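Chemist: Following this message is one structure expressed as structure tokens.
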Amino acid sequence: MNEITATHVAAAGTAVRQLSPYQPTVGLVLGSGLNALADSIQNPHIIPYEQIPHWPASTVPGHGGRLVIGQLEGQTVLVQQGRAHFYEGYSMSHITLPVRVMRFLGIQTLIVTNAAGGINAAFQPGELMLITDHINFLGIAGHNPLRGPNEDSFGPRFPDMTRPYDLHLRQIALEVAQARGFTLQQGVYGYVAGPSFETPAELRFLRAVGADAVGMSTVPEVVVARHGGMRVVGISSITNKADPDPQPGTTVTHDEVLETGKQIVPNLMALIRGILLRI
Ligand code: HPA
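Under the numbering used here, think of the first position of the sequence shown as 6, with each following residue one higher.
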């Protein structure tokens with residue numbers, strides 16, 4: 006499906022409402038290997054994606070396929086356990102339908118997570134990075150999720166992107182990490198299509214233009230969330246080094262991404278809980 010319209014969003018949103026009477030106020034998107042986070046939701050209503058019209062299913066190992074709606078730290082949250090990616094063959098408009106549905110349901114705050122390769126040499130696998138800004142390589146090249154006729158009920162034709170990641174929520178995240186005693190790196194997330202990992206020359210390019218981490222998700226969702234006026238906080242799990250000068254014999258594999266992702270879950274969970282407590 007190429008164009009998602011207000012009709013598709015209303016159909017999907019109405020189905021979610023019928024399946025769960027909760028009124029979530031915070032949306033949470035879980036990236037590769039971060040599935041376990043959804044297990045902490047209290048009194049969950051679980052909605053498999055197949056039950057929601059037009060919802061893009063994730064075909065990637067390590068990504069669940071359901072919404073979990075319930076309580077976490079006193080907030081009613083809607084957790085998207087598994088996301089669809091552009092490299093799976095979906096249109097940009099289709100992979101961002103879930104964020105449109107969140108907005109339809111009245112959600113104003115979006116917490117997005119992902120697995121990312123650490124380009125910045127100071128970042129170690131197993132650390133978290135607070136996203137301060139992004140480079141939308143696909144968007145710059147023409148694959149922006151807002152391409153096509155603007156749906157005025159979604160947002161303006163030319164949305165501002167001066168501050169995509171909310172300063173107040175970022176400050177809270179930094180304070181939570183400090184209070185819990187773990188490192189929260191900060192940096193720019195470079196969005197690439199994948200699914201092949203980057204060559205050393207591509208990583209040198211990404212580093213030169215200011216990317217601290219690289220990944221294959223998140224940015225389309227953030228663009229759409231900002232289009233709809235939602236406030237956004239983004240957190241990358243640095244699952245591997247994305248090394249522009251790799252040692253002989255080093256490789257990057259999806260299994261490594263999933264395994265390190267799992268190890269980061271406790272800190273990520275603490276961060277998300279801390280943020281939820283304070284918003
Ligand atoms: N590159 C792109 N996407 C990723 C990586 C990476 O090294 N690690 C996790 N997601």
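Quick reminder that beta carbons are idealized off the backbone N, C-alpha and C, glycines included.
Here the structure is a predicted model, which is why all the values come from computation and not from measurement.
Please list the terminal residues of the continuous alpha helix (DSSP H) segment that includes H259.
Modeler: Here the alpha helix (DSSP H) through H259 covers 259–283.
Chemist: Give the range of the beta strand (DSSP E) segment to which P2 is assigned.
Modeler: Residue numbering for the chain in the displayed model covers 6 to 284; residue 2 lies beyond these limits and cannot be assessed.
Chemist: What residue from I243, R231, I284, P205 has the CA that sits closest to A127's CA?
Modeler: When only C-alpha atoms are compared, the closest one is I243.
Chemist: For the candidate residues A41, G36, G87, T30, whose alpha-carbon lies nearest to that of I52?
Modeler: Looking at the Cα atoms, G87 is the closest of the given residues.
Chemist: Whose C-beta lies closer than 8 Å to the C-beta of P66 among residues of the same chain, with five residues either side of it excluded?
Modeler: Taken in chain order, the residues that qualify are H259, L263.
Chemist: Take the Cβ of Q85 as the centre, count every other Cβ of all protein chains shown within 10 Å, and call the residue buried at 16 or more, exposed below.
Modeler: So Q85 counts as buried.
Chemist: Measure the C-alpha to C-alpha separation of E261 and P161 and round it to an integer number of angstroms.
Modeler: Roughly 40 Å between the two C-alpha positions.
Chemist: How many Å lie between A218 and T188 at the Cα?
Modeler: Using only the alpha carbons, I get a separation of about 16 Å.
Chemist: Can you pull the DSSP bridge partners for N48?
Modeler: According to DSSP, N48 bridges with nothing at all.
Chemist: Distance, Cα to Cα, N149 vs S25?
Modeler: Between N149 and S25, the C-alpha separation is close to 31 Å.
Chemist: For the ligand HPA, is there any heavy atom lying closer than 7 Å to the beta carbon of G199?
Modeler: Result yes, Cβ under 7 Å from the ligand HPA.
Chemist: Take A230 as the anchor and find which of S63, V197, G111, Y95 has the nearest alpha-carbon.
Modeler: Looking at the Cα atoms, G111 is the closest of the given residues.
Chemist: Return the chain-ordered list of same chain residues with a C-beta closer than 8 Å to the C-beta of A16, the five sequence neighbours on each side being excluded.
Modeler: Hits under 8 Å: P58, H59.
Chemist: Between the Cα of L133 and the Cα atoms of I145, G144, T118, V34, which residue gives the shortest distance?
Modeler: Measuring from the Cα of L133, the nearest candidate turns out to be T118.
Chemist: Spatial neighbours of T10 within its chain, please: C-beta separation below 7 Å, excluding the five flanking residues on both sides.
Modeler: If we look at T10 and ignore the five residues flanking it on each side, its Cβ neighbours are E156.
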